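Peer 1:
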Amino acid sequence: MKGSVGELGEFGLIRELTSRLTSTPAVRLGPGDDAAVVTAPDRRVVASTDVLLEGRHFRRDWSTAYDVGRKAAAQNLADIAAMGAVPTALLLGLVVPAELPASWPTELMDGLRDECQVAGAAVVGGDVVRGDTITVAITALGDLRNHDPVTRAGAQPGDVVAV
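Residue numbers in the sequence shown follow our numbering, run continuously in steps of one, and reach 177 at the last position.
1. Which residues share a DSSP beta bridge with threonine 63?
2. Can you list, in chain order, the residues of its chain with a C-beta nearer than 6 Å to that of glycine 139? Leave out the 5 residues immediately preceding and following it.
3. With DSSP as the reference, please indicate the residues paired to aspartate 140 in a beta bridge.
4. Do threonine 153 and valine 109 have their C-beta atoms within less than 7 Å of each other?
5. Is it buried or exposed, valine 182, if we count other Cβ atoms within 10 angstroms and call 16 or more buried?
6. Using alpha carbons as the reference points, say which of Arg159, Thr120, Glu21, Val174 lies closest to alanine 79.
7. Using a threshold of 7 Å, state whether the C-beta atoms of valine 19 and alanine 112 are closer than that.
8. Taking the straight line between their C-alpha atoms, what separation do you get for aspartate 56 and asparagine 90?
9. Which of the three DSSP states is assigned to glutamate 113 in this structure?
10. In whole angstroms, give me the CA-to-CA distance for leucine 31 and aspartate 173.
11. If I'm right that threonine 53 touches alanine 61 with Cβ under 8 Å, what's the distance once you round it to whole angstroms?
12. Buried or exposed: which applies to aspartate 162, given that a residue is buried once 16 or more other Cβ atoms fall within 10 Å of its Cβ?
Printed below as a string of structure tokens:
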């Protein structure tokens, strides 16, 4: 992809990002509306969020955008799984400088999408805004599927932790 994020514009970038996405049966309404709709058969939703800031959590000279996307998805999906839930959806909040090559956010989305597919989840929406520093904010959602959540408070000395 040629050009910068600024040349592509907000809506052009959103079109590029959403065109790369896949869905799952849990997604009733994905990107393109005011909010996503995801099924929650258990009626309890597990949610987790993490923020990755360029220069603190990743560097473009060390990591590809694809790798940053996979990392961002994996750490949030792992938090959902650690609570005993099945990951269902990811939301992306993305801050990017205008001069950033337009290929960077699309490669980031490819990494997010691919990691979600491994977990059976999907990227269902988010927000993109122009700013000075690349910031990737992920919110992950999951369904408990009629199980109690696994919390840190439930751990006891001698328990086995398996990953």
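We put the beta carbon where it would ideally sit given N, CA and C, even for glycine. In this text the structure is predicted, and so the values were computed from the model without any measurement.
Peer 2: So, to answer that:
1. In the sequence shown, residue 63 corresponds to position 49, counting from 1. For threonine 63, which the question treats as bridged, DSSP gives the partners Thr153.
2. In the sequence shown, counting from the first residue as 1, residue 139 sits at position 125. So the qualifying residues of the chain are Pro45, Ala50, Leu105.
3. Position 126 of the sequence shown, counted from the start, is the residue given in the question as residue 140. Reading the sequence as shown, one finds glycine at residue 140 and not aspartate. Its beta-bridge partners are Leu106.
4. Locating residue 153 in the sequence shown gives position 139, counting from the first residue. Locating residue 109 in the sequence shown gives position 95, counting from the first residue. Taking 7 Å as the Cβ cut-off, threonine 153 and valine 109 do not qualify as a contacting pair.
5. Past the boundaries of the shown model lies residue 182; the chain is included only from 15 to 177, so the question cannot be answered.
6. Taking the sequence shown and counting its residues from 1, the one referred to as residue 79 is at position 65. Of Arg159, Thr120, Glu21, Val174, the residue nearest in Cα terms is Thr120.
7. The sequence position of residue 19 within the sequence shown is 5, counting from 1. The sequence position of residue 112 within the sequence shown is 98, counting from 1. Going by C-beta atoms, valine 19 is nearer than 7 Å to alanine 112.
8. One-based indexing of the sequence shown puts residue 56 at position 42. One-based indexing of the sequence shown puts residue 90 at position 76. Approximately 20 Å between the Cα atoms of the pair.
9. By 1-based counting over the sequence shown, the position of residue 113 is 99. Glutamate 113: coil per DSSP, three-state reduction.
10. Numbered from its first residue, the sequence shown carries residue 31 at position 17. Numbered from its first residue, the sequence shown carries residue 173 at position 159. Cα to Cα, the separation comes out at about 43 Å.
11. For this step, residue 53 is matched to residue 39 along the sequence shown. For this step, residue 61 is matched to residue 47 along the sequence shown. About 15 Å; that fails the 8 Å criterion.
12. The residue given as residue 162 occupies position 148 in the sequence shown. Counting Cβ neighbours within 10 Å, aspartate 162 comes out exposed, since fewer than 16 surround it.
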